[in-house]
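There are 2 protein chains.
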Amino acid sequence: MKLYIVGFGAGDYEYMTIQAKTALEESQVIAGYTTYIDLVKDYFYDKEFYSTPMKKEEERCRWAIEEALKGKTVSLVCSGDSGVYGLASLVLELAEEYPPFEIEIVPGVTAALSGGAVLGAPLSHDFAVISLSDLLTPWDKIESRLRHSAMADLVISLYNPSSKKRSDYLKRACSILLEYLREDTVCGYVKNIGREGEEAVLTTLNQLKDMTVDMFTTVFIGNSDTREINGKMVTPRGYRIQREESR
Amino acid sequence: MKLYIVGFGAGDYEYMTIQAKTALEESQVIAGYTTYIDLVKDYFYDKEFYSTPMKKEEERCRWAIEEALKGKTVSLVCSGDSGVYGLASLVLELAEEYPPFEIEIVPGVTAALSGGAVLGAPLSHDFAVISLSDLLTPWDKIESRLRHSAMADLVISLYNPSSKKRSDYLKRACSILLEYLREDTVCGYVKNIGREGEEAVLTTLNQLKDMTVDMFTTVFIGNSDTREINGKMVTPRGYRIQREESR
Chain A
1 MKLYIVGFGA GDYEYMTIQA KTALEESQVI AGYTTYIDLV KDYFYDKEFY
51 STPMKKEEER CRWAIEEALK GKTVSLVCSG DSGVYGLASL VLELAEEYPP
101 FEIEIVPGVT AALSGGAVLG APLSHDFAVI SLSDLLTPWD KIESRLRHSA
151 MADLVISLYN PSSKKRSDYL KRACSILLEY LREDTVCGYV KNIGREGEEA
201 VLTTLNQLKD MTVDMFTTVF IGNSDTREIN GKMVTPRGYR IQREESR
Chain B
1 MKLYIVGFGA GDYEYMTIQA KTALEESQVI AGYTTYIDLV KDYFYDKEFY
51 STPMKKEEER CRWAIEEALK GKTVSLVCSG DSGVYGLASL VLELAEEYPP
101 FEIEIVPGVT AALSGGAVLG APLSHDFAVI SLSDLLTPWD KIESRLRHSA
151 MADLVISLYN PSSKKRSDYL KRACSILLEY LREDTVCGYV KNIGREGEEA
201 VLTTLNQLKD MTVDMFTTVF IGNSDTREIN GKMVTPRGYR IQREESR
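Heads up: the protein sequence lines correspond to chains A and B, in order. The first sequence begins at 1 in UniProt numbering and counts up one residue at a time. The second sequence begins at 1 in UniProt numbering and counts up one residue at a time.
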């Protein structure tokens, strides 16, 4: 009677933590969004799988909780991290309606980190992670977060930068950011991080405004210190003039 | 002739990705901060190790680059992610001074994610990651980032919240945030994430102001929606009223 909520990283097996691998191995049942189940199916073939399409999160979480309550060990998988825009919060909310059972949240490498590593080191200093999806958040709140992040000179990682219904949202976001940031602010994006068709592009904020990206893309907006070095996006920490403290 | 910059996660072996494990296995030499080398030494015992104390990052990076240039496969290890306050940016900057060689940045689970999983799901919606260390950043910039993040209703994860010389910095940060946020804003912190002595505390912003944490602690400040559910810190995404888009 245990439910793991597992972030399995960018996609391929190697991006998973050993903790995530162990949780999936221990599970009898693995539940998740269809695309993610397809990604893990090949490596954990002796499991029972339950997949639901994208917009059925609550149903999927309830199913996983109920399987756990039957006495099974269940993993609910999320791409990237299980917390960052993942299912961990929904499960913790829903669990209030059920008898007690064990929940273990297994973190994973979210797209800001895996995409950042592909581009170079854009997130070496303070940063914000903002989703451009207004399905769950009013646009004026998203806009305020963009404005404040730009005013604070935070590097920004944008999730869900586009969808069929929101094809101009990245353009809108860039236009807002351009009120505060230089046109030549170093930016980049990575499509299909850690999967077939991975594609990384370095650009400037002004050019990014007119680019088209899809929903499988993570976008990075540099801060005033971010530079392009040998084709990589690098936000210096200032080590070369000063010294680091531990992290 | 290859240099991996490897984020190995919170500490213990299981928090490492399979990609990180493979990189370390392939390496002849592993370099890092003494404490981190001690963490990986037990699992990769047949390697050559090079460790330097905390404030010798540039020396350590140059040593690793020079070993790679001798034709060796070298891993430079960082706790958490290799990008987020890690050594990836410094290596990319220093590499300009050397002949070309192959660099691969291996991302890892940063403390915001691993600590978040211990506390519950604090980062389920837009968030900022801010270091309180003013060794590399002027305090007024840190303060501005705190103010803007609070005004934008971002969840905040604070790195380096304290040190011997900066014992009152968390108090200063909380006082600034209290100008914008409710006194009962749900907050939490995790000490020694994924290591011996792990300790998680849930509290409120007003109480956090008077708490003492050490440099091995990661702090989380909720947004206006963050709640405590069954002893966990949860920022809802709004799934229960609306539907998710993919990430």
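We put the beta carbon where it would ideally sit given N, CA and C, even for glycine.
Item to check | the region 179-190 of chain B / the region 220-239 of chain B touching (three or more Cβ pairs under 8 Å) | outcome: Flag = yes, the region 179-190 of chain B and the region 220-239 of chain B touch.
Item to check | For residue 215 (chain B), three-class secondary structure by DSSP | outcome: Counting from 1 along the second sequence, the entry for residue 215 (chain B) is found at position 215. DSSP places residue 215 (chain B) in coil when its eight states are reduced to three.
Checklist entry - Any Cβ of chain B within less than 7 Å of the Cβ of residue 190 (chain A)? => result Start at 1 with the first residue of the first sequence, and residue 190 (chain A) comes out as number 190. False, the Cβ-Cβ gap to chain B never drops below 7 Å.
Checklist entry - Are the beta-carbon atoms of residue 108 (chain A) and residue 233 (chain A) separated by less than 7 Å? => result Start at 1 with the first residue of the first sequence, and residue 108 (chain A) comes out as number 108. Start at 1 with the first residue of the first sequence, and residue 233 (chain A) comes out as number 233. Not closer than 7 Å, so no.
Item to check | C-beta contact flag for residue 212 (chain A) and residue 226 (chain A) at 7 Å | outcome: Residue 212 (chain A) sits at position 212 when you count from the first residue of the first sequence. Residue 226 (chain A) sits at position 226 when you count from the first residue of the first sequence. No, the pair does not count as a contact, with Cβ atoms beyond the cut-off.
Item to check | Local Cβ density within 10 Å of residue 250 (chain B), reported as buried at 16 or more and exposed below that | outcome: What the structure shows of chain B is the stretch from 1 to 247, and residue 250 (chain B) is not part of that stretch, so it cannot be assessed.
Checklist entry - Between residue 160 (chain B) and the rest of its own chain, which residues show a CB-CB distance below 7 Å, the 5 nearest in sequence each way excluded? => result Translated into positions along the second sequence, residue 160 (chain B) becomes position 160. Same-chain partners within the cutoff: 131, 132, 133 and 215.
Item to check | Neighbour flag for residue 201 (chain B) against chain A, beta carbons, 7 Å | outcome: Mapped onto the second sequence, residue 201 (chain B) falls at position 201. Not closer than 7 Å to any Cβ of chain A, the Cβ of residue 201 (chain B) fails to qualify, so no.
Item to check | Start and end residues, beta strand (DSSP E) containing residue 48 (chain B) | outcome: Position 48 of the second sequence, counted from the first residue, corresponds to residue 48 (chain B). 48-52 is the extent of the beta strand (DSSP E) around residue 48 (chain B).
Item to check | Any chain B beta carbon closer than 7 Å to residue 45 (chain A) | outcome: Position 45 of the first sequence, counting from 1, holds the residue named residue 45 (chain A). Chain B, which has no Cβ nearer than 7 Å to the Cβ of residue 45 (chain A), makes this no.
Item to check | Segments of 4+ residues assigned as alpha helix (DSSP H) that fall wholly inside the region 111-187 of chain A | outcome: Listed in chain order, they are 111-119, 139-151 and 169-177.
Item to check | Cβ-heavy atom distance, residue 59 (chain B) to the ligand FAD, below 6 Å | outcome: Of ligands this structure carries none, so the ligand FAD is not represented either.
Checklist entry - What are the residues that DSSP puts in a beta bridge with residue 197 (chain B)? => result By one-based count along the second sequence, residue 197 (chain B) stands at place 197. BP columns for residue 197 (chain B) are empty, so no partner.
Checklist entry - Closest Cβ-Cβ distance between residue 232 (chain A) and chain B: below 7 Å? => result Locating residue 232 (chain A) in the first sequence gives position 232, where the first residue counts as 1. Taking Cβ atoms only, chain B reaches closer than 7 Å to residue 232 (chain A), which makes this a yes.
Item to check | Rounded separation between residue 208 (chain A) and residue 174 (chain A) - CA only | outcome: As a working note, residue 208 (chain A) is residue 208 in the first sequence. As a working note, residue 174 (chain A) is residue 174 in the first sequence. If you take the alpha carbons of residue 208 (chain A) and residue 174 (chain A), they lie about 7 Å apart.
Item to check | Whole-angstrom C-beta distance between residue 110 (chain A) and residue 84 (chain A), which should lie under 8 Å | outcome: Here residue 84 (chain A) refers to the residue found at position 84 of the first sequence. Here residue 110 (chain A) refers to the residue found at position 110 of the first sequence. Between residue 84 (chain A) and residue 110 (chain A), the beta carbon gap of about 4 Å places them in contact (Cβ cut-off 8 Å).
Checklist entry - Can a CB atom of chain A be found closer than 7 Å to the CB of residue 120 (chain B)? => result Translated into positions along the second sequence, residue 120 (chain B) becomes position 120. It does; some Cβ of chain A falls within 7 Å.
Item to check | Against chain A: residues of the region 3-14 of chain B by CB proximity under 9 Å | outcome: Hits within the stretch, in order: 5, 7, 9, 10, 12, 13 and 14.
Checklist entry - From residue 266 (chain B) to residue 72 (chain B), what distance separates their C-alpha atoms? => result In the structure displayed, chain B extends from 1 to 247; residue 266 (chain B) sits before or after that span and is not available.
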